[in-house]
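Only one structure is covered here, and it is reproduced in the block below.
2 protein chains.
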Amino acid sequence: MRIAVDAMGGDYAPFEVVKGALWASEELGDEVVLVGVEDKVREILDSLEGDKKFIDVVDARDVVSMDEKPTQALKREDSSISKGLSMLKRGDVQAFVSAGNTGAVSATALMKIGRIKGVLRPALGVLMPTLKGRSLLIDVGANVDCKPEYLVQFAIMGTVYMETILHKERPSVGLLTIGSEEKKGNKLVLDTYPLLKEAPVNFIGNIEGGDVPAGAADIVVCDGFVGNIMLKFIEGVAEGLYKLLQEEISYRFWPKIGMIFMLPMLKDLWKDFNYEEYGGVPLLGINGVVVIAHGKSKALAISNAVKVAKYFHEQGGVEKIGRRLSEGDGN
Amino acid sequence: MRIAVDAMGGDYAPFEVVKGALWASEELGDEVVLVGVEDKVREILDSLEGDKKFIDVVDARDVVSMDEKPTQALKREDSSISKGLSMLKRGDVQAFVSAGNTGAVSATALMKIGRIKGVLRPALGVLMPTLKGRSLLIDVGANVDCKPEYLVQFAIMGTVYMETILHKERPSVGLLTIGSEEKKGNKLVLDTYPLLKEAPVNFIGNIEGGDVPAGAADIVVCDGFVGNIMLKFIEGVAEGLYKLLQEEISYRFWPKIGMIFMLPMLKDLWKDFNYEEYGGVPLLGINGVVVIAHGKSKALAISNAVKVAKYFHEQGGVEKIGRRLSEGDGN
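Heads up: the protein sequence lines correspond to chains A and B, in order. Each residue of the first sequence is one higher than the last, beginning at 1 in the numbering used here. Each residue of the second sequence is one higher than the last, beginning at 1001 in the numbering used here.
Here you go:
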């Protein structure tokens, strides 16, 4: 298969992206097409060692910045995002991977590729580290004002993802709210609860914010407003704690010594929390394989995101979502 | 003044509550009335050293458990919560402090004491530790489905609290959403933005989840659904990290040694994050001083919550909220 990678997307693009794409092409033996400013990309490729027979470059002169508005990005036909997604639409490639502007990729994918039949709203999930492994928090940004039917579809699409990529059997679905009883929550949650009980997913009921890090559900369903705030919040907390520790340690002597003893353990722990291993999550509900990698992705994360794209394609993730949704409708 | 304390509320009640109330009465020289199962409370008091001339006990035979439903708790006329709030209503005391079931205290306070004139919905805030000190996150649970007007009032009431208790001049107000531009957010946020711009608060615009731990605003306004999920989420993360570190350290040798070097620093940091120092936050919008302390409050937190109650009363926090709200209405 052929997989297009947005060479210009992400905080460490293009260097780390090119490197990660090369690694993936070597390891998988599948053709990886880097879409981006060609001379820059070729220059980086030339500087890297490795077997380049499975890597290709397609020129895209325009670059969408990380904080550009999706509506503006849509107009940029020469951007790496637009070109890569056009290739996917034409069937030149079977998947597209980007660590770039998530809003821009989502909006462009929706416009160019469109939704799977039956999907009301595509959704974006992230894998959150928990005490029991990883949980998928869905949606984290694509949809701010949701209807109960959207949340049910997020649960179904998340289930397909967890089965297909994380090989979880009957992954559990929790509805994020402010109390564990059936009658606790805002109007959206109260209206969603009975629908989830009837949906073709392993619904385990309501879960609270504190249950998420405990790993109470494999899939945590919420609207994109709440999900995005939680995601940004926890990223901010991690960043803040890191800064604080760094500052404190900088002007103290004994903690520096202590840190030396603790580093190996902290490194092990970090591995469990690191998103690099998981690469990225497909934009669920789009009628093609579009994988969103973290904006801070380095080569390893990019390479793993390419693998996610390959497996999601090979295992027919998109078709599975279509089928599962029509089961849900009783069609 | 006289302050009633719910002797039976909180995970460490009655012992830690009685101890904290005694400390406060000694330090403030104000009368503190413990409301709870009298023989138990007196037994604890007898076991404690200290000057007991400012402490009193009022018998309440019934205890509302931490996970009881507010609607059920409302019927328990003999509970420490009901009795304490009845005393406040009659003017026997000027404030009520509880570390008990927050929903029950809120519902009972609303029923017995009622709202300040002009208040649409009372709200509960929590002080979140940030890189710049403390921010008030409001609302964190009392109101799940909000109207824009409620959020504006949360901002105003939060401002009064930050001025009165934390002595912040012109505390900044941020509207919690998923992007920093004016047009980003769900319907509630989009409708609230223009109202906040006109409100008598120091509105600095939208803030994202990641800006909260950075301390971007002194007051972070959100609906109670989002606020409660964030609060529980971060508590769950802290608990999870603690468990994980404890587990990892238990079967490793060197990190144990490292920990010894780091303990003094960690203790210092912990002080910054500890809620005990802040005691509690008044239930804002209730027509009387009702302070909610953390459910895990020990003596120090209770004692500080009693102080918050005293200052909020002395500085006329309730009256200030009433005045500020009518300014907001242009009355």
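Ideal Cβ positions, reconstructed from N, Cα and C, are used throughout, including at glycine.
Practice prompt. Classify B/K1075 as buried or exposed, calling it buried when 16 or more other Cβ atoms lie within 10 Å of its own Cβ.
Written response: Classification for B/K1075: exposed.
Worksheet item: Can you tell which of A/L188, A/V226, A/E208, A/L190 has the C-alpha that lies nearest to the C-alpha of B/L1176?
Response: The shortest C-alpha separation from B/L1176 is found at A/V226.
Worksheet entry | Distance between A/Y12 and B/S1297 (C-alpha atoms, nearest Å) | The straight-line gap from Cα to Cα measures roughly 45 Å.
Worksheet item: By a C-beta neighbour count over all protein chains shown, 10 Å radius and 16 as the cutoff for buried, is B/I1260 buried or exposed?
Response: By the neighbour-count criterion, in which a residue is buried when 16 or more other Cβ atoms sit within 10 angstroms of its Cβ, B/I1260 is exposed.
Discussion item. With a threshold of 8 Å between beta-carbons, can B/V1226 be considered close to chain A, or not?
Written reply: So yes, B/V1226 belongs to the interface.
Item to complete: Using a Cβ-Cβ cut-off of 8 Å, state whether B/R1252 counts as contacting chain A.
Response: Taking Cβ atoms only, chain A reaches closer than 8 Å to B/R1252, which makes this a yes.
Discussion item. One question on the structure: do B/K1307 and B/G1279 come within less than 8 Å of each other, judged by their Cβ atoms?
Written reply: Against a cut-off of 8 Å, the Cβ pair of B/G1279 and B/K1307 comes out as a contact.
Worksheet entry | Interface flag, B/G1330 vs chain A, CB-CB below 8 Å | Residue placement at B/G1330 cannot be trusted, given a pLDDT of 48 that sits under 50; the coordinates are not used to answer.
Worksheet item: Would A/S80 pass as a contact of A/G36 if the rule is Cβ separation under 8 Å?
Response: At the C-beta level, A/S80 and A/G36 come within 8 Å of one another.
Discussion item. Below 8 Å on the Cβ atoms is my contact criterion, and I expect B/G1295 with A/A214 to pass it. Report the Cβ-Cβ distance as a whole number of Å.
Written reply: Contact flag wrong, Cβ pair sits at about 18 Å.
Worksheet item: With distances taken from CA atoms, which of B/E1276, B/R1324, B/S1326 is nearest B/V1017?
Response: Out of B/E1276, B/R1324, B/S1326, B/E1276 has the C-alpha closest to the C-alpha of B/V1017.
Worksheet item: If you count every other CB in all the chains shown that lies within 10 Å of the CB of A/M111, and 16 or more means buried, which is it?
Response: Per the 10 Å Cβ criterion, exposed.
Fill in: Collapsed DSSP secondary structure at B/N1086 in the structure displayed
Per the sequence presented here, residue 1086 of chain B reads as Ser, with Asn not at that position. The DSSP-derived three-state label of B/S1086 is helix.
Item to complete: Taking B/M1128 as part of the beta strand (DSSP E), name the residues at either end of that continuous run.
Response: Per DSSP, B/M1128 belongs to the beta strand (DSSP E) from 1125-1130.
Fill in: Cross-strand partners of B/P1282 (DSSP beta bridge)
Its beta-bridge partners are B/V1291.
Worksheet item: Tell me the DSSP bridge mates of A/L176?
Response: Bridge partners of A/L176: A/I207.
Practice prompt. Identify the continuous beta strand (DSSP E) that holds A/R2 and give its terminal residues.
Written response: Segment 2-6, the beta strand (DSSP E) holding A/R2.
Worksheet item: Which first and last residues belong to the alpha helix (DSSP H) in which A/G215 is found?
Response: Run containing A/G215: none; DSSP gives neither H nor E here.
Discussion item. Counting only beta-carbon separations shorter than 8 Å, does B/F1261 have a partner in chain A?
Written reply: B/F1261 counts as touching chain A.
Discussion item. Quick check: what's the CA-CA separation for B/R1090 versus B/K1083?
Written reply: Here the C-alpha atom of B/R1090 lies approximately 11 Å from the C-alpha atom of B/K1083.
Worksheet item: Are any of the Cβ atoms in chain A nearer than 8 Å to that of B/L1231?
Response: Contact with chain A is found for B/L1231, since one of that chain's Cβ atoms lies less than 8 Å from the residue's Cβ.
Worksheet item: With a CB to CB cut of under 8 Å and the five nearest residues on each side skipped, what residues in its chain are close to B/V1289?
Response: Exclusion of the five residues before and after B/V1289 leaves L1088, Q1094, A1095, F1096, P1282, A1309, F1312, H1313, G1317, V1318 as the residues of its chain whose Cβ lies within less than 8 Å of its Cβ.
Worksheet item: Between B/M1157 and the ligand NAD, is the CB less than 7 Å from at least one heavy atom?
Response: No copy of the ligand NAD occurs in the structure displayed, which carries no ligand at all.
Practice prompt. Closer than 7 Å by beta-carbon distance: list the chain A residues that pair up with B/I1113, in chain order.
Written response: Within 7 Å of the CB of B/I1113, no CB atom of chain A is found; the nearest one sits about 24 Å away.
Discussion item. Under DSSP, the alpha helix (DSSP H) around A/S250 begins and ends at which residues?
Written reply: Here the alpha helix (DSSP H) through A/S250 covers 224-250.
Discussion item. Considering only DSSP beta bridges, list what B/V1097 is partnered with.
Written reply: Here B/V1097 is bridged, per DSSP, to B/V1005, B/V1291.
Worksheet item: Which residues in chain B sit within 7 Å of A/V144, going by Cβ to Cβ distance?
Response: The contacting residues are I1178, G1185, N1186.
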